[in-house]
Every structure is written in structure tokens, then in C-alpha cells.
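Contents: one structure, followed by commentary.
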Amino acid sequence: MSKVVTDVICPFCGTLCDDIEVVVSDDGKKIEDVYNACAIGAEKFLHAQAPDRVKRPRMQQPDGSYKEVSYDEAVEYTAQMLYKAKKPLMYGWSSTSCEAQSIGHEIAEKVGAVVDNTATVCHGTTLIAVQDVGIPSCTLGEIKNRADRIIFWGCNPCHAHPRHQSRYSVFPRGFFTNKGHTNRKVIVVDPRVTDTAKLADYHYQVEQGRDYELLSAFRVALRNEPLPEVVAGIPREKIIEGAEVMKSGRFGIIFFGMGVTQSLSKNHNIDNAISLTKDLNEFTKFSIMAMRGHYNVTGSGQVLGWQFGFPFSVDLSRGFARYNPGETSSNDLLVRGEVDAVFVIGSDPGAHFPISSVKQIAKLPSVCVDPHITPTTEISKLHVPVAFVGVEVAGNCYRMDNVPIEARKVVDPPEGVLTDVEFLTRVNARLDELMAGGK
Amino acid sequence: MAKLKLNLITGRTIHQGVAMEGGKEKDAYTKACGIIEMDPSDMKKLGIWKGTNVRVTSEWGSVVVKAVEATQGPHPGLAFIPMGPWANAVVNPKTYSTGMPTFKGVPIEVEPAINEPVLNSIQLVQKKCRGEA
Ligand code: SF4
Numbered sequence: 015m016s017k018v019v020t021d022v023i024c025p026f027c028g029t030l031c032d033d034i035e036v037v038v039s040d041d042g043k044k045i046e047d048v049y050n051a052c053a054i055g056a057e058k059f060l061h062a063q064a065p066d067r068v069k070r071p072r073m074q075q076p077d078g079s080y081k082e083v084s085y086d087e088a089v090e091y092t093a094q095m096l097y098k099a100k101k102p103l104m105y106g107w108s109s110t111s112c113e114a115q116s117i118g119h120e121i122a123e124k125v126g127a128v129v130d131n132t133a134t135v136c137h138g139t140t141l142i143a144v145q146d147v148g149i150p151s152c153t154l155g156e157i158k159n160r161a162d163r164i165i166f167w168g169c170n171p172c173h174a175h176p177r178h179q180s181r182y183s184v185f186p187r188g189f190f191t192n193k194g195h196t197n198r199k200v201i202v203v204d205p206r207v208t209d210t211a212k213l214a215d216y217h218y219q220v221e222q223g224r225d226y227e228l229l230s231a232f233r234v235a236l237r238n239e240p241l242p243e244v245v246a247g248i249p250r251e252k253i254i255e256g257a258e259v260m261k262s263g264r265f266g267i268i269f270f271g272m273g274v275t276q277s278l279s280k281n282h283n284i285d286n287a288i289s290l291t292k293d294l295n296e297f298t299k300f301s302i303m304a305m306r307g308h309y310n311v312t313g314s315g316q317v318l319g320w321q322f323g324f325p326f327s328v329d330l331s332r333g334f335a336r337y338n339p340g341e342t343s344s345n346d347l348l349v350r351g352e353v354d355a356v357f358v359i360g361s362d363p364g365a366h367f368p369i370s371s372v373k374q375i376a377k378l379p380s381v382c383v384d385p386h387i388t389p390t391t392e393i394s395k396l397h398v399p400v401a402f403v404g405v406e407v408a409g410n411c412y413r414m415d416n417v418p419i420e421a422r423k424v425v426d427p428p429e430g431v432l433t434d435v436e437f438l439t440r441v442n443a444r445l446d447e448l449m450a451g452g453k
Numbered sequence: 817m818a819k820l821k822l823n824l825i826t827g828r829t830i831h832q833g834v835a836m837e838g839g840k841e842k843d844a845y846t847k848a849c850g851i852i853e854m855d856p857s858d859m860k861k862l863g864i865w866k867g868t869n870v871r872v873t874s875e876w877g878s879v880v881v882k883a884v885e886a887t888q889g890p891h892p893g894l895a896f897i898p899m900g901p902w903a904n905a906v907v908n909p910k911t912y913s914t915g916m917p918t919f920k921g922v923p924i925e926v927e928p929a930i931n932e933p934v935l936n937s938i939q940l941v942q943k944k945c946r947g948e949a
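As they're listed, the protein sequences go chains A and B.
Under our numbering, the first residue of the first sequence is numbered 15, with each subsequent residue one higher.
Under our numbering, the first residue of the second sequence is numbered 817, with each subsequent residue one higher.
Dropping the structure here:
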């Protein structure tokens, strides 16, 4: 007989769907089926069961092949590497729990590391803008119940957050939005006719990289000031019409993604989007929210925030926290050759950093803690497989709207495989010994 | 041989997400991300068919991927490579003092590379790191 575990959290994207049902075999060891999740979420649960999964740490040999080592050896190598390094980079943290993050930061403080999370390649520029001008935001529950104007700017939830629209932003019937999507008007701003754009009432096919101009144009249109005939490839009339749609709602929200954060102008685009939100509040209620990718990148920013006062790119190498994106951020540090060891957990810079940074990681002493085989594990000196947070171990995570949600454990990890918390705790203890003068 | 200048953006696709969770060393990941989505009119200009391997070159690197017809289009002049090591072989690593590399709006040149293979993610990154690709 199999049993069904209900109210499971999906640990993939920042939507953190909390209604997943997982069918587990009677002995609690095997996941048989996953209900309610999107294709990506379901794959995440099912892949945890892959027969070819790596179950013991592996050390790279001089010829490039890998040799299995014990967790004890892995702890020793990691502790020694961090202990000896002058300025190690401890990167990732977005696919692990807040508990693991907090132990990791304790280690980072001890060894004088730079701690950075995946925001550095997704919403880092958002965090800069938020620190500059603040952010009028809300929760996804408020969107579901109240929002009747939904703007997706430079994001494509159909692909990146597949259940976002059905659970929160477009289709659900909320308390004041009881007709579901017919209560709502959806505007998409994107240089491509994305699948999200195809579902929208209005699509603004902005010229790539011209978001700043279009945001400014909407702000001008709200004030009924004159506009040029075409801005960022969009005719004036369409801009005025869009501004009217935004103004006439009762509660609006701008969701924005990599289209604004990664195009040139970066944090300035977001400044301007937040300013547009502020302007709209003169007419109606408007909010703005970042579409966060990893399921706990928000949590990483939170934990770093409580502990050191900054949400990413925190440099502890001088014994106190410094923060200066462009200087203390991973890619800048790597490209300038400023770090002498790299510790990666809960992310894959090998696949998601520009190759110039990856080459630098490959040259340095490096450890990658990851349940999967990834380009990062295959260029790191040591690969430490761990249990999947949210599948094989519980832990706290933050949804994209900064609501903390406890991820659940569904099955046991393979025998003998450590969790992130266990591995970090052991490294931390070993560092204490090394620092006390032991060897 | 014909060459075409395009503007490159990168980003997620649902196939990228599913394949990534299925294992980055697997073929499905190469099929999902070792591609360049092009507008049909751009493919015509370059004189290639759907499924032709092409070499994509930017100021920062070069990579071989399979050209596919964009399903999320039309967008002439714009090319899309899903986020992953293939895209990252050519993106602009400069952060302009923000920490954020420029993953969108990268000037690229595309040319047919019929006889060159698309490497899988592990081979690609390892070879690039060793200076072999
Ligand atoms: S939308 Fe995100 S959180 Fe929800 S099931 Fe899909 S991947 Fe998981």
C-alpha cells in the first residue's frame, strides 16, 4: 500500500507551491507519484530517486577522473581549504534551508570569506534598487484576493514559475476577484512574443534593452504630458492606453524579472519601475514584486540581512561586513582573480556564470556541495553529495513575497548521505579545532 | 559562408527547468539548452534549415549550438539561448559595477557549422576550462 503525503512544499522556484501531494511507498523510501506540481517541480521530486545518483563524496584526481572518498575526508578537505585560504568565496545558498545558511555564515565569519548568493546573477540589481528607493510590496495572497491589474515586465512565468498565474496572479478566484481572470487585465512587456505574452490582454513588444525608456513613457503618460510618437518601439497611443488601464484598476501589481535586472541599465530600470509604482499610487493602489527564481534565494537574502545587514555580496574578509556590488560580488571577484578558494552550495555557477568566471573556479581549490552532478561539481576538486532539502530533509524557506514557509520531508535520503546542515556543522566543528591550534 | 549579426538574450524555458532537474549530464539537457531559438526570417537570411548546427560568436567567446525555430516569436533580429553553459560561453561578463553580468542584449554573430558537434554541458565546461574549446 502506498500513502499520500499532503501539503508538501515544492522546492524549485520562488512560488513555493504548498499544495503538492506526493505518493510514497509503504516503507517511506520511494516516491511513486507527484500530484499538483508543474512539470519542473514533479521532475525535482522524481529525480531525487534516480538510480545513478552520487551517494558518496568524490575527489578530483590529477588526470581529471574522480575517486570516492569518505565524508570524513570531505569534511577535512573543506575545513583545511577554508582555513588556509586568505579570501575564500562561499557562493550559492539559494537551494538550501535557512538553517544551513546560518551555519554557513558562521563558518564564513570565522574564515573571513565573501558570502554571495544567486541574487548576484538574478535579482541582485533589484536589491540595489530597493536599498536606494524602497519598495511598495505585498504578499501573493493579497494579489490573489485583490489585484485586478497584473503586469508582467521582463518575466515569463509560463516557463519560469509555471503555477504562479494559476495559484496567485491571473486565474484564481479571490475574495474580491471572484470571477478569476475575467476580473483581471493582464499586461505583458517583453521583447519576445512569449507564452505569457500570448495569454495577455495587452502585449508591449518593447525593443530589447529599452525598458527604462518605456517605464519613463508610462510615467509621462500618467501625467498627461506630451510623448514622442514612438518610444522603445511602442506607438504613443498604445502607451497612453496602457497607462489608462493601469490607472483604472482597484489594485495593481508589477511583477518583474530578468528582462529588467539583466539588461543594461540594470538597477536603474528597477528604480524606474518602483517609481512608476509610486506614481500609480496617486491614482489607485499599486504594488511591485520581484519574480525570484530559486526557492530560497529570498531566504538567503533574509538570513544574510539579519546577520550582517546586507542581502548578498557580503565581504567578511576584514572581520566586519562590507557590501559593494561590483566589488564584493562573485563574478567581479572571480574575474579579477581576487579569491583563492571557492566553496559552492545549493547552486550551479558552472552552468550559470559567464565562462570567464567558471574558468577561474576550475583553477582554484574548490568544493561543491550538491545532490546533482552539475558542471560545477565536474570542475570542482571535491564534490559532496547531500540530501535534497524539501524532499529528504525539512527546513525553512522564503517565498518570493518574503513569506517564510517550512519545507517538509517526504522520504529518507539514501543511506549514509548527509544533509547540508550536518555537513556544514561538521566542517564548522573541525574549523574550531584548527583555529584552536589543533591539526 | 554566410554570417548574421543578431542580438542575443538568455533566459529560462520550462524545458530548461525540467531537463536541469533531470540531470545536467543527460542528453535531455543538451537538447533543451544547447540550442539557439531564431526567428524563421533570420534562419532564411542565414540560409539554414531548422536543426542545423551553428557557431555563435561574441566578443567574449564562441559555442556550437543547434538552431531551432523560435516558438515564442516572432522577433526578427533577436536570438534566444536558454540559460545554461552554452549561453554563458558567449554572454557579456561585465557587470558595470552592479555585480550582474550582462546576460541580455549581447551582440553575436551566427554562422552555419554543419559538421561541428554540440557538446554536452559537462564536456563543454570542462573543455573551456582546460582551454580546449
Ligand atoms: S510553480 Fe514553482 S514551486 Fe510551484 S510546482 Fe512549479 S516549480 Fe514548484
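A virtual CB, placed ideally from N, CA and C, is assigned to each residue, including glycine.
Put simply, the stretch 291-306 of chain A touches the stretch 405-424 of chain A. At least three CB pairs are less than 8 Å apart.
Rounded to the nearest angstrom, the gap between the Cα atoms of S183/A and K299/A is 16 Å. Across the set E932/B, A903/B, K944/B, the C-alpha of A903/B shows the shortest separation from the C-alpha of T829/B.
For E925/B, DSSP records a beta bridge to K821/B, T873/B.
A contact is defined here as three or more CB-CB pairs under 8 Å, and the stretch 281-292 of chain A fails this definition with respect to the stretch 435-448 of chain A. Under DSSP, the beta-bridge partners assigned to I45/A are V38/A. Around the beta carbon of R946/B, fewer than 16 other beta carbons lie within 10 angstroms, which makes this residue exposed. Identification of chain B residues near H217/A by a Cβ-Cβ cut-off of 7 Å yields none; the smallest Cβ-Cβ distance measures about 11 Å. Between S277/A and K920/B, the gap from beta carbon to beta carbon is short of 9 Å. Below the 7 Å Cβ cutoff, chain B contributes I830, G833, V834, E837 as neighbours of I54/A, in chain order. Contact of I288/A with chain B by beta-carbon distance below 8 Å is absent, the smallest such distance being about 16 Å.
Of all residues in the stretch 926-948 of chain B, the ones placed with a Cβ closer than 7 Å to any Cβ belonging to chain A are S937, I938, V941, Q942, K944, C945, in chain order. Between the stretch 367-377 of chain A and the stretch 115-128 of chain A there are fewer than three C-beta pairs closer than 8 Å, too few to call the two in contact.
DSSP, read as helix, strand or coil, puts E251/A in helix. At a cut-off of 9 Å, the C-beta of I851/B has no neighbouring C-beta in chain A. In the three-state DSSP reduction, A883/B falls in the strand class (E or B). Relative to the ligand SF4, Y309/A has its C-beta within less than 8 Å of a heavy atom. Within the stretch 47-89 of chain A, the runs of alpha helix (DSSP H) that reach at least 4 residues and sit entirely inside it are, in chain order, 53-61. Using a CB distance cut-off of 9 Å, W865/B does not count as an interface residue toward chain A.
In this structure the stretch 342-362 of chain A lies against the stretch 117-137 of chain A, because at least three pairs of beta carbons, one per stretch, are closer than 8 Å. Here DSSP, grouped into helix, strand and coil, assigns P856/B to helix.
In this structure, the beta-carbon distance from V884/B to R871/B does not fall below 9 Å. In this model, G194/A and R187/A are separated by some 4 Å (Cα to Cα). Annotation for S937/B: the continuous alpha helix (DSSP H) segment containing it runs 937-946. Taking I852/B as reference, the option from I924/B, L940/B, I938/B with the minimal CA-CA separation is I924/B.
Secondary structure at T312/A: helix, using DSSP grouped into helix, strand and coil. Under the rule that a run must span 4 or more residues, the alpha helix (DSSP H) segments found entirely inside the stretch 349-425 of chain A read 363-366, 369-377. In the three-state DSSP reduction, V207/A falls in the coil class, being neither helix nor strand. Under the DSSP assignment, A443/A falls in the alpha helix (DSSP H) whose first and last residues are 434-449. As for any alpha helix (DSSP H) of minimum length 4 sitting wholly inside the stretch 165-192 of chain A, the runs are 171-174, ordered along the chain.
Annotation for Y912/B: no alpha helix (DSSP H) segment contains it, and DSSP assigns it neither H nor E.
Interface annotation for the stretch 387-406 of chain A against chain B: I387, T388, P389, E392, I393, criterion Cβ-Cβ distance under 8 Å. Among the bridge pairs identified by DSSP, V328/A is matched with V129/A, Y337/A. Per DSSP, the continuous alpha helix (DSSP H) segment holding H831/B begins and ends at 830-838. Between S111/A and G409/A, the C-beta spacing is below 9 Å. Secondary structure note for L894/B: its beta strand (DSSP E) is the uninterrupted segment 894-898.
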